[in-house]
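Since the structure comes first, as structure tokens, the remarks are kept for the end.
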Amino acid sequence: MVELQTTWSWLPAIYLFLGGLGAGAFLTASVLRLTKPGRFKKTVTGGVWTAVAALAIGLLALVSEVEKPFQAMMLFKSFVNGSSWMTVGAWLLLVTFIVFVLSALFTTDKIADWLSSACKPLGRARAGINKALAVVGIPLALAVAVYTGVLLGAAPAIPLWGTWLLPVLFTVSALDTGVAAVSIFAAVIDRDEGIERVRATLEKAVVGLVVLEAAVLAAFVISMQGAGADEARAIGLLTEGALGVQFWLLVVAVGLGCPLIAAITQLVASRQKDKIGPAVPVGGAACALVGGFTLRFVVLAAGLHAALVSPAALQAVQGALMLVS
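In the numbering used here, the protein residues as written are 15 to 339.
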């Protein structure tokens with residue numbers, strides 16, 4: 015009988031989800047800030063703070079999983095091997111989190127006003143600072159989204175995780191969940207003039223990202239089925255095994271189908287000048303978030319070891335998965 019992967023608990027799944035969500039939310043809010051400077055502040059502010067909260071909680075979940083969490087927080091001592099993906103990721107996450115926090119502080123009017131009163135040059139340079147943080151933060155956010163998939167590839171003895179399609183899948187999913195999170199603020203609290211066009215743009219982005227994610231997910235499943243016995247056994251857990259219900263119901267139907275239907279419904283209503291309450295966009299976004307988390311959880315759970323795992327191979331896997339030994 016095929017057993018589920020248990021080297022990692024559910025905490026890394028939370029990090030993989032929240033790290034991608036935070037990256038996608040910041041990227042979406044920053045693009046809106048750069049294309050519509052000074053407008054739709056509630057949507058931008060909500061998106062940036064979502065990025066901060068998601069990345070902070072995700073990092074706590076990841077650090078709590080390592081053997082020595084307090085030592086892991088001391089980056090200058092714990093992460094010094096520049097050739098290690100763990101080291102690269104740790105420093106990437108630190109720099110990205112700092113940029114996210116600074117952007118949130120300068121985006122929030124009350125905090126920015128207090129900073130301006132304490133240091134007038136900061137007040138005069140606020141618009142430029144926000145623009146610079148957005149420009150710097152976009153590639154950092156994209157790198158974090160990619161890293162959530164690359165991190166799993168650091169475990170070489172787990173066949174399901176050793177494909178370049180996994181970082182692509184997690185990146186597209188991160189953008190999808192990020193757009194979904196930002197769309198909630200646009201639908202619920204933002205009443206600025208022109209917000210309807212922003213909502214329509216976000217829904218178009220949802221349609222494109224859902225279709226792209228479905229295509230990448232299909233390519234991932236098909237490639238694993240034809241890659242080898244271990245890969246086929248692992249992917250079988252997702253499509254017809256112990257994780258089949260979660261995969262088809264929560265990832266495919268809820269995570270992809272429902273947001274697609276909700277987005278198309280809103281776009282059709284917008285063209286026909288019909289009004290739709292916030293329940294539809296919020297519901298679609300919530301489904302996208304559920305699907306995004308479940309995707310990472312089932313990929314982690316289905317990460318099988320090779321058919322014959324020697325003690326040396328198992329030790330190699332555990333060494334790759336531990337941030338700090």
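C-beta atoms are modelled at their ideal positions from N, C-alpha and C, and glycine is treated no differently.
Rounded C-alpha distance that separates Ala233 from Thr191: Taking the first residue of the sequence shown as 1, we reach residue 233 at position 219. Taking the first residue of the sequence shown as 1, we reach residue 191 at position 177. Approximately 20 Å between the Cα atoms of the pair.
Assigned exposure category for Thr177 - 16 Cβ within 10 Å defines buried: As a position in the sequence shown, residue 177 is number 163, starting the count at 1. Thr177 should be labelled buried.
Through-space distance from Ala37 to Leu183, alpha-carbon basis: As a working note, residue 183 is residue 169 in the sequence shown. As a working note, residue 37 is residue 23 in the sequence shown. Roughly 14 Å between the two C-alpha positions.
Residue span of the alpha helix (DSSP H) that contains Ser197, given as start and end: Locating residue 197 in the sequence shown gives position 183, where the first residue counts as 1. Where Ser197 is concerned, the enclosing alpha helix (DSSP H) stretches over 179–202.
Beta-carbon separation (whole angstroms), Ser284 vs Ala214, contact threshold 8 Å: Here residue 284 corresponds to residue number 270 of the sequence shown, with the count starting at 1. Here residue 214 corresponds to residue number 200 of the sequence shown, with the count starting at 1. The distance from the Cβ of Ser284 to that of Ala214 is about 5 Å, consistent with a contact at the 8 Å cut-off.
For Val212 and Leu41, believed in contact at Cβ under 8 Å, the rounded distance: Here residue 41 refers to the residue found at position 27 of the sequence shown. Here residue 212 refers to the residue found at position 198 of the sequence shown. With a Cβ gap of about 15 Å, Leu41 and Val212 do not count as contacting.
Among Leu154, Gln239, Pro295, nearest to Thr185 - alpha-carbon criterion: Taking the first residue of the sequence shown as position 1, residue 185 is located at position 171. Ranking the options by Cα distance to Thr185, first place goes to Leu154.
Inter-residue Cα distance where the pair is Leu74 and Ala195: Locating residue 74 in the sequence shown gives position 60, counting from the first residue. Locating residue 195 in the sequence shown gives position 181, counting from the first residue. Taking the straight line joining both Cα atoms gives about 21 Å.
Opening and closing residue of the alpha helix (DSSP H) in which Ile143 lies: Within the sequence shown, residue 143 is the residue found at index 129, counting from 1. For Ile143, the enclosing alpha helix (DSSP H) stretches over residues 140–167.
C-beta contact flag for Gly306 and Phe114 at 7 Å: Mapped onto the sequence shown, residue 306 falls at position 292. Mapped onto the sequence shown, residue 114 falls at position 100. Not a contact, by the Cβ cut-off of 7 Å.
Under the three-state DSSP convention, the category Thr122 falls into: The sequence position of residue 122 within the sequence shown is 108, counting from 1. In the structure shown, Thr122 sits in coil (DSSP, three-state: anything other than H, G, I, E or B).
Check whether Val224 and Pro181 have beta carbons under 7 Å apart: Taking the sequence shown and counting its residues from 1, the one referred to as residue 224 is at position 210. Taking the sequence shown and counting its residues from 1, the one referred to as residue 181 is at position 167. No.
Closest Cα partner of Gly317 within the set Pro135, Ala293, Ala171, Leu48: Indexing the sequence shown from 1 puts residue 317 at position 303. Of Pro135, Ala293, Ala171, Leu48, the residue nearest in Cα terms is Ala171.
Touching by the beta-carbon criterion (3+ pairs, under 8 Å), the segment 290–300 and the segment 260–274: yes
Expected contact under 8 Å - CB spacing of Phe268 and Val304 to nearest Å: As a position in the sequence shown, residue 268 is number 254, starting the count at 1. As a position in the sequence shown, residue 304 is number 290, starting the count at 1. With the sequence shown as reference, residue 268 is identified as Val, and Phe is not the correct amino acid for it. Contact between Val268 and Val304 holds: their C-beta atoms lie close to 6 Å from each other, under 8 Å.
Rounded straight-line distance, which links the Cα of Gly240 to that of Ala67: For this step, residue 67 is matched to residue 53 along the sequence shown. For this step, residue 240 is matched to residue 226 along the sequence shown. C-alpha separation (whole angstroms): 40 Å.
Boundaries (first-last residue) of the alpha helix (DSSP H) holding Lys55: Residue mapping note: residue 55 aligns to position 41 of the sequence shown, counting from 1. First-last of the alpha helix (DSSP H) with Lys55: 55–77.
C-alpha distance - Val282 paired with Val294, whole-angstrom precision: Position 268 of the sequence shown, counting from 1, holds the residue named residue 282. Position 280 of the sequence shown, counting from 1, holds the residue named residue 294. Approximately 13 Å, taken between the alpha carbons.
6 Å Cβ shell around Gly60 - same chain, five flanking residues per side excluded: The residue labelled residue 60 in the question sits at position 46 within the sequence shown. Taking C-beta separations shorter than 6 Å and ignoring five residues to either side along the sequence, the partners of Gly60 in its chain run Phe199, following chain order.
4-residue-minimum alpha helix (DSSP H) runs that sit fully inside the segment 249–294, ordered along the chain: 272–285
Span separating the alpha-carbon of Gly72 from that of Arg138: Walking along the sequence shown from the start, residue 72 turns up at place 58. Walking along the sequence shown from the start, residue 138 turns up at place 124. When rounded, the distance between both Cα atoms is 34 Å.
Run of the alpha helix (DSSP H) containing Ile209, from where it starts to where it stops: On the sequence shown, position 195 is the one that residue 209 refers to. For Ile209, the uninterrupted alpha helix (DSSP H) segment begins and ends at 209–239.
Span separating the alpha-carbon of Ser197 from that of Thr57: In the sequence shown, counting from the first residue as 1, residue 197 sits at position 183. In the sequence shown, counting from the first residue as 1, residue 57 sits at position 43. Ser197 and Thr57: Cα-Cα distance of roughly 8 Å.
Helix, strand or coil at Asp206 according to DSSP, with G and I counted as helix: As a position in the sequence shown, residue 206 is number 192, starting the count at 1. Three-state result, Asp206: coil.
Sub-7 Å separation of Ala188 and Ala159 beta-carbons: The sequence position of residue 188 within the sequence shown is 174, counting from 1. The sequence position of residue 159 within the sequence shown is 145, counting from 1. Yes.
CA nearest to the CA of Arg310, picked from Val220, Ala219, Phe261, Leu136: Along the sequence shown, one-based indexing puts residue 310 at 296. Ranking Val220, Ala219, Phe261, Leu136 by Cα distance to Arg310 puts Phe261 first.
Selected residue, minimal CA-CA separation from Ile143, among Gly291, Leu216, Thr122: Numbered from its first residue, the sequence shown carries residue 143 at position 129. Measuring from the Cα of Ile143, the nearest candidate turns out to be Thr122.
Cβ-Cβ distance between Val265 and Thr308 below 7 Å: Taking the first residue of the sequence shown as 1, we reach residue 265 at position 251. Taking the first residue of the sequence shown as 1, we reach residue 308 at position 294. Yes, the pair counts as a contact, with Cβ atoms nearer than the cut-off.
Spatial distance of Arg140 from Glu217 (CA atoms): Stepping through the sequence shown from its first residue, residue 140 is reached at position 126. Stepping through the sequence shown from its first residue, residue 217 is reached at position 203. Computed Cα separation, rounded: 30 Å.
Option in Leu48, Arg53, Thr253 with minimal Cα separation from Arg205: Position 191 of the sequence shown, counted from the first residue, corresponds to residue 205. If we check each option's Cα against that of Arg205, Arg53 comes out closest.
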